[in-house]
Every structure is written in structure tokens, then in C-alpha cells.
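Colleague: Here's a structure for you.
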Amino acid sequence: MAYPRSFIEEIKNRVSVSDIVGQKVKLTRRGREFVGLSPFKNERTPSFTVNDEKQFYHCFSTGKHGTVFDFLMETEGLGFPEAVERLAARAGIQVPAQDPRMVEKEEKNASLIDICEMASVYFKTRLGGAAGREAFDYLIKRGLDDTLIQSFGLGYAPGDRVGLVKHLRDQGVSYKDIIEAGLAVQPEGRSDLIDRFRNRVIFPITDSRDRVIAFGGRALEASVPAKYLNSPETPLFHKGRTLYNFAKARQSAFDTKTLLVVEGYMDVIGLARGGFNNAVASLGTAVTEEQISLLWRLVQEPVLCLDGDEAGLRAAYRVIDRALPLLKPGYSLRFAVLPQGKDPDDMVREGGADAFNNVLERANSLIDMLWERELAYAPYDTPERRAAFSDRLRKAVRQIEHIDVRKFYGEEIKKRLDALFAPANRSPQANGGQSYGSNYGGGYSRQRGGGKYYKFKSGASAEARRSALASGAVMLPPREAMILLAFIRHSSQLSGHLSQLEKLDFVTDDLKYLRDAIVDAISHNAPLDSGGLKGHLISIGYENLMTRLEQLPDARMLIFVRPESDPEDVVSGWLDAVELQHRLITLTVEKREAETDLAADTTQENFERLMAIENEISTLESKTLN
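Residue numbers (this note's numbering): 408 to 1033.
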């Protein structure tokens, strides 16, 4: 929401920066300012200043600077509206009235939060009663005590089909609101409701303000199909935008400058038992883009703690692809891979905090995990396979939106490729003192040293020039072919969009090679006119492929491909085609993930997800040449 400037200024006038900062930093007055040790970096000499007259703080060691609102957002992971509400309450100022529709929505959400709180009290009460004995014993067997149970608000949902529904109805809650809060389901063809959670240990899920908005339930019966069950999507709860224990972990994450991301509720609680109060969980999903943004609100390099099995690594690899486009200076992810068959809870129970700290100390960077993923993907013992390996890495780097981060990733990947594929008679020291892998397989190790790196020659490979696609044995994918043909024909108009072409993926390897050749040519100041670029591509081995592109029937060509088209139509049409290509490639990846998930867990939710993706692909494909 947008707040009136006068309202924001009134808060700043009533709440001093030093009062808010002083709750976290020991400040000493020095003239007109306050000084203290930086809350953002461990230091011995104070470099952090607060000036109440100018209403800002400044950290000389990190360069961080801002208002009292910025300080709360930086140190507690609050969004701006939350910071405003917090400070308005401290100042004794009422937040201005919002748009009536927003007011209505917030009032509705507040009502649903009240209902979730009622349900939470109901579950906690049942855990402490005779009916919840089995659930309580389960938690004790897992190593929890009363303090942890109460701290995390754990509860028990009885096996009674209508226990919670009856409890809420007795307090005046309507059937509609019970359903909307995600607490009950209505069987088809019936008017009555059934509790969503039955005979399960209950884990309340809270929002960033620590208000209960949803629940997770762990089944006590082995025969139940779903071991863990979450609330459905509601006006309050969006699984992909929520992190379990986010509100409670916030302060510890700020104090330790570390945030741990684990898979499940018990992992978070188990780590808390071992003294790690800075852990959150992703609610059973691979970490989403929205969750990554939430993590970065607390720390710059959160650590994903992954089970050391195939499923854990598969989840890590998904996160890599989601994180790459979001990377920015200083912000990334690290990956701590646990021993096979162990989760964080197991490690803390069996080996204590030291055992888990040892794992954290060996956490890998994102680029290391990316490299390892591609090393393990397929053999690279032939020129063609090495080319594919290199192409996969370049494709990954092109996903990075920030130009500087993408540049440095590209340089690092090139160094590793040069070292890995260096001629056999060259020593690691001759390649910058680094060795990545051996015998074209396995992991890599770093060694100190310096020097130049071996460089491959650019241009079309022999494999590309001799490919079946170039020779005409394979049909050209129309959409991909037209995107490249349009760029070649209208290179002077489209050269300003070279970065979009560079980051664009293609299903067909040979067209990937052509894309790279175009990017390389224009990046090295090749002629931008169509004839000059075409001549260059022919000279480096793409004559047959260029002929095939030019032979595409005019009837199938969109307006942005035609040589005589207006420049504005060319640019807008080409960008639309690129956007469509991006979306279809993304959907293709999501489809593979959905197929894998469905094979592993044949739930209705997974089936519907796959069907939705396939339907969207079909719809977009029908637009490709229309």
C-alpha cells in the first residue's frame, strides 16, 4: 500500500532512530551522533553511526544506510507495510484508512486468522488430553520436551470426523468460513463438513507476524496414503510463498548471519533442540522463487540442508534453476549435503550440534553445485558429449539476469571447462593451477596457482557442420527456425536485443550452435547488416543450415520474419516469439518435474498439475504460427 508522505514523516518525527536501533545495538553518544558496533558485520572497532537529527543510520563497514523503516526491514526481515505498522503502533499513530476493497479484504483475512487461532487452541488442548496420548508419546519419542512442544504450538487432531467442525460451529463460525480457512472439506453431494485433519500431529504454520494461517499434519497411522498433509491454498496461505518458522527464525538469523533451510517441520524443531534457532522449512515443496526472496530478506547466503539421497539432490538441482535468474551481487545460496540416510533431526539427535556444524562448514556454493550437477548428468568422453556438457553450462549461465553476476559466472565456468578439457600434456599449473575432474569424470579439486588458461577456438564445430539438421535429414522446428532467421534477416534492427537471444534456449542442438555463432559474431563487431552476418555464418560452416532456413515456405512465415516488414513490426513480433519460446521451454522443464513427481507420488494434486501444464503447452503451441 502507498502511504501519505505526511504520515511517514509523522512516524519519523515521533520515533527516533536511536530508540529502535538501540534495542539491538549498544549505542554511545558521540557529539550529535551515536556510535556502536555494526549489527551487520562482526567487528571490534565501532563503525556504525546513528543520527537522530538527520533521521538515518550508516554502517561504514558494509555501506548499509537508511531510515528507521529500513533498519527494521534489514534486521527483522519485515516488509515495508509491516515496518510501518510496527512503528505506527509505537508512535501511537493510527494507520490511514485504505481503499474500501482493501479494508474489506483485510477484515476478511483477520476473521480467517481468528478462526485459525481457534483451531490452533483446539488442537493444542487435544494434545494435552487423553485422546492425544499417542500423539504426545510420538513427539516425546522423537526427542521433544514440553518446552519445545509449547514453543512450536504443536497439537493433535482427533480421529473424530467432525470434532473441529463442531467446535468451531459452537463458537459461531459459519460452514463457509471453516472451508475458506482450509480446516474442513465438503464431500461431493453432501451438505455436512468433515475435518481436514484427522488423527494427526498438528504443526501450526504462521505468517511473518507469527499469526497462525495454516496447519501441517503428520499421520499417526501407517496405512494413511499421505504421511504429511498441509492446509490447501487459502486467502491466507500460499504454500510457495510461505516458510515454516520464518517469524521465529528471524532474530536468530540476524544474530548469527546464517539461515538454514530444511525439508520438514521435525527438522526445524530438531535443530531448535540442538540450539539452531535459525531454521525454516519449505513446506514439502522445492524452494520457490518467492521463498528465495523471503530468505534473502533475512540473510544474503542462506544454506539449504539437503538429504544426501537422490531425492535430496534432485530438489537441490531444481532450486539451482529457480535461483539462477534471481542472483544479484552478494546474494546467492549455499548447499549442505547431509550423509546418506540422515536428515538434520537425525544428525542432531545422534551427534549433537558439532556433527551438524561439521556439515555446515562443508557447504558448497551454488556454482559448485551447478558444476557437479552437469558433471554427473552424462559422460563427456567424446567431442560431441563434451560439447553438450559445455552447452548445458552455458545455458544455465544465460539464465542469470544480472549482467555482472552473469559475466563472472561465465568467466568461472570457462576457467573450469578449459582446465577440465586441457590437452593431456598440459599440467594443472599451466591451466591456472586448478584441476576440475579427472579422466573426464568425477568431481573436481581446487589448487592454488596462477597463469593463463587454454582457450578453444570459436566458430562452428565439425560436428555442427556435419549434423543431420544442417544436411536436411531432420525437419527444422518452425518456431525456433523463424526466431533465428528473423534475427539474421533483420540483424540491424534486432542487434539491440542480443542479450535476449543469448539467454534464449532451443530444443534443437544445431540451432543452439547457430545462436551461439550469431551472438559471438555480433559481440565481436561483425557487420550488422543481413548480408554481412549471413556471409560470416556461411564462412564458418553454416551454409547448408542457412540454405534450409531460407527455404522455409513463405506461407508459414510470420510478419516479423519477412524481409520487407516494417521495423517496428519486426521488433515487436520477434520479442513476442522469444517470450513464447521462453514460456514453452519453462513448461517443458516443469512437465518433466511433474511427471517425476507423479511417478513418485500418484496423488490427485500431482495428476492435476501435470494435466494443467500439458494443456497450457498445447494452447501455446497452437499460437506458435498463428
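Every residue, glycine too, gets a C-beta built ideally from N, C-alpha and C.
Helix, strand or coil for residue 471, going by three-state DSSP, please let me know.
Modeller: The answer is coil: DSSP assigns residue 471 none of H, G, I, E or B.
Colleague: Return the first residue and the last residue of the alpha helix (DSSP H) that residue 666 is part of.
Modeller: Residue 666 -> no alpha helix (DSSP H), and no H or E assigned at all.
Colleague: Compare the Cα-Cα distances from residue 629 to each of 612, 614, 611, 607 and report the closest residue.
Modeller: With distances taken between Cα atoms, residue 629 lies closest to 607.
Colleague: Between residue 804 and residue 816, how many whole angstroms is the CB-CB distance? I'm expecting something under 8 Å.
Modeller: With 8 Å as the limit, residue 804 and residue 816 qualify as a contact, their Cβ atoms being about 5 Å apart.
Colleague: Suppose contacts are defined by Cβ-Cβ distances below 9 Å. Is residue 673 in contact with residue 728 by that definition?
Modeller: No; because the gap between Cβ atoms is not below 9 Å, this pair is not in contact.
Colleague: Using DSSP with H/G/I as helix, E/B as strand and the rest coil, what is residue 727?
Modeller: In the structure shown, residue 727 sits in a helix (DSSP, three-state: H, G or I).
Colleague: For residue 738, which beta-bridge partners are listed by DSSP?
Modeller: In DSSP, residue 738 forms a bridge with 735.
Colleague: As an exercise, report each continuous beta strand (DSSP E) stretch of at least 3 residues that is fully enclosed by the stretch 432-493, in chain order.
Modeller: The qualifying runs are 435-437, 440-443, 455-458, 463-466.
Colleague: Please report the residue range of the alpha helix (DSSP H) in which residue 765 lies.
Modeller: Counting along the chain, the alpha helix (DSSP H) containing residue 765 begins and ends at 751-768.
Colleague: Per DSSP, which residues does residue 923 bridge with? Please list them.
Modeller: Paired residues: none, contrary to the question.
Colleague: How big is the Cα-Cα spacing for residue 758 and residue 503?
Modeller: Roughly 53 Å between the two C-alpha positions.
Colleague: Across which residues does DSSP place residue 626 in a beta bridge pair?
Modeller: Answer is 607, bridged to residue 626.
Colleague: Taking three-plus beta-carbon pairs below 8 Å as touching, is the stretch 513-524 in contact with the stretch 574-593?
Modeller: Contact between the stretch 513-524 and the stretch 574-593 is present, because at least three Cβ pairs lie under 8 Å.
Colleague: Give the secondary structure of residue 581 by DSSP, where H, G and I count as helix, E and B as strand, and everything else as coil.
Modeller: Looking at residue 581 - three-state DSSP - the assignment turns out to be coil, as it is neither helix nor strand.
Colleague: Nearest-angstrom Cα distance between residue 724 and residue 798?
Modeller: For residue 724 and residue 798, the distance between alpha carbons rounds to 17 Å.
Colleague: Determine the contact status of residue 473 and residue 481, defining contact as a CB-CB distance below 9 Å.
Modeller: It is a contact, given that the beta carbons lie within the stated cut-off.
Colleague: Can you round the beta-carbon distance between residue 589 and residue 621 to whole angstroms, since I take them to be within the 8 Å contact cut?
Modeller: Right, their Cβ atoms sit about 6 Å apart.
Colleague: Quick check on the burial criterion: 16 or more other C-beta atoms within 10 angstroms. Buried or exposed for residue 432?
Modeller: With 16 or more Cβ atoms within 10 Å of its Cβ, residue 432 is classed as buried.
Colleague: In the DSSP assignment, what are the bridge partners of residue 713?
Modeller: Residue 713 is bridged to 744.
Colleague: By DSSP, does residue 1013 sit in helix, in strand, or in coil?
Modeller: Looking at residue 1013 - three-state DSSP - the assignment turns out to be helix.
Colleague: Taking three-plus beta-carbon pairs below 8 Å as touching, is the stretch 557-566 in contact with the stretch 533-546?
Modeller: Touching, yes, given that three or more Cβ pairs across the two stretches are closer than 8 Å.
Colleague: Roughly how many whole angstroms lie between the Cα atoms of residue 703 and residue 1028?
Modeller: Cα to Cα, the separation comes out at about 36 Å.
Colleague: With respect to the beta strand (DSSP E) encompassing residue 687, which residues constitute its N-terminal and C-terminal limits?
Modeller: Taken as a continuous stretch (DSSP letters only), the beta strand (DSSP E) holding residue 687 covers 686-688.
Colleague: So the beta strand (DSSP E) residue 636 belongs to, where does it begin and stop?
Modeller: Its beta strand (DSSP E) spans residues 635-637.
Colleague: Answer with buried or exposed for residue 603, where buried requires no fewer than 16 other C-beta atoms within 10 angstroms of its C-beta.
Modeller: Looking at its Cβ environment, which holds 16 or more other Cβ atoms inside 10 Å, residue 603 is buried.
Colleague: What would DSSP say about residue 901, mapped onto helix, strand or coil?
Modeller: It is helical.
Colleague: Going by DSSP in three states, residue 1024 sits in which element: helix, strand or coil?
Modeller: Three-state DSSP puts residue 1024 in a helix.
Colleague: Which same chain residues, not among the five before or five after residue 977, have their C-beta less than 6 Å away from its C-beta?
Modeller: Counting only Cβ-Cβ distances below 6 Å, and skipping sequence neighbours, we find 897, 900, 967.
Colleague: Looking at residue 984 and residue 889, is the spacing between their C-beta atoms short of 9 Å?
Modeller: A contact, by the Cβ cut-off of 9 Å.
Colleague: Could you spell out where the alpha helix (DSSP H) holding residue 672 opens and where it closes?
Modeller: First-last of the alpha helix (DSSP H) with residue 672: 672-680.
Colleague: Excluding sequence positions up to five away, which residues of its chain have a Cβ less than 8 Å from the Cβ of residue 605?
Modeller: These residues qualify, in order along the chain: 564, 565, 566, 567, 568.
Colleague: From residue 925 to residue 970, what does the alpha carbon distance come to, in whole angstroms?
Modeller: Their backbone Cα atoms lie some 18 Å apart in a straight line.
Colleague: Taking just the CA atoms, how far does residue 670 sit from residue 690?
Modeller: Answer to the nearest angstrom: the Cα atoms are 7 Å apart.
Colleague: How far does the alpha helix (DSSP H) with residue 816 in it extend, from its first residue to its last?
Modeller: It spans 810-827 - the alpha helix (DSSP H) in which residue 816 sits, taken as one unbroken run.
Colleague: Quick check on DSSP: helix, strand or coil for residue 592?
Modeller: Reduced to three states, the DSSP call for residue 592 is strand.
Colleague: Mark residue 979 as exposed unless 16 or more other C-beta atoms lie within 10 angstroms of its C-beta, in which case mark it buried.
Modeller: It is exposed - the Cβ of residue 979 has fewer than 16 other Cβ atoms within 10 Å.
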